[in-house]
Amino acid sequence: MSTGYQIQTEPFIVPTTDGKLIEEHFGRASSGEEALSIARMVAPAGWSEPPQRPDFDEYTLVLRGKKEVTVNGERMVLSAGESIKVNAGALVRYANPFSEETEYVSVCFPAFSPEAAHRQDESESARRN
């Protein structure tokens with residue numbers, strides 16, 4: 001019998017090699033959900049990832065610390081309590097060049113997948129931007 005809701009008490013911990021904690025509460029990896037994904041993340045001081053041009057809209061809400069977001073060459077710094085929506089198809093790079101870790105929630109429509117993120121190497125992003 002369906003209860004009409006689902007509580008997530010054990011999110012899927014996405015394996016990483018860069019020290020970033022990714023707890024996917026709902027999404028492809030955790031629940032098979034393809035319409036959206038929601039994850040809590042903690043990025044260590046000095047963290048960054050390659051630029052990407054995703055096939056999904058991504059909403060980010062910073063809970064603690066600061067997060068650097070560069071969209072189509074425009075650099076912004078979000079602080080705790082601030083949020084951003086990055087549209088599908090935009091060239092985006094996320095980083096935490098600051099001295100303290102940052103905690104944030106990310107929601108993707110449709111759900112995140114590595115293939116849909118279209119992560120690029122540095123030389124490729126310089127040619128396309």
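According to the UniProt record's numbering, the residues represented by the sequence shown are 1 to 129, in order. Here a beta-carbon is modelled for each residue, glycine too, at the ideal position from N, C-alpha and C.
At which residues does the alpha helix (DSSP H) containing A43 begin and terminate?
It is not in any alpha helix (DSSP H) - A43 instead sits in the beta strand (DSSP E) that spans S37 to A43.
Going by the CB atoms, is the gap between W47 and G19 shorter than 8 Å?
Result yes, Cβ atoms of G19 and W47 sit closer than 8 Å.
In terms of alpha-carbon separation, which member of H25, V77, G4 and S37 lies closest to E58?
For the residues H25, V77, G4 and S37, the minimum Cα distance to E58 belongs to S37.
Please report the distance separating the alpha-carbon of S125 from that of P51.
Confidence at S125 is low in this model, with a pLDDT of 44, below 50, so the placement of that residue is unreliable and no value is reported for it.
Tell me, to the nearest whole angstrom, how far the beta carbon of A111 is from that of E10; I am working on the premise that it is less than 8 Å.
Rounded, the Cβ-Cβ distance is 18 Å, inconsistent with contact.
DSSP three-state call for A126: helix, strand or coil?
Summary for A126: the model assigns pLDDT 49, below 50, so the residue's position carries little reliability; its value from the coordinates is reported in the next sentence. In the structure shown, A126 sits in a helix (DSSP, three-state: H, G or I).
If I follow the unbroken beta strand (DSSP E) through A95, where does it start and stop?
V92 to N96 is the extent of the beta strand (DSSP E) around A95.
Within the same chain, show all residues whose beta-carbon is closer than 6 Å to that of A43, passing over the 5 residues directly before and after it, in chain order.
Hits under 6 Å: K20, N96 and T102.
Can you look up E33 in the DSSP assignment and give me helix, strand or coil?
DSSP places E33 in coil when its eight states are reduced to three.
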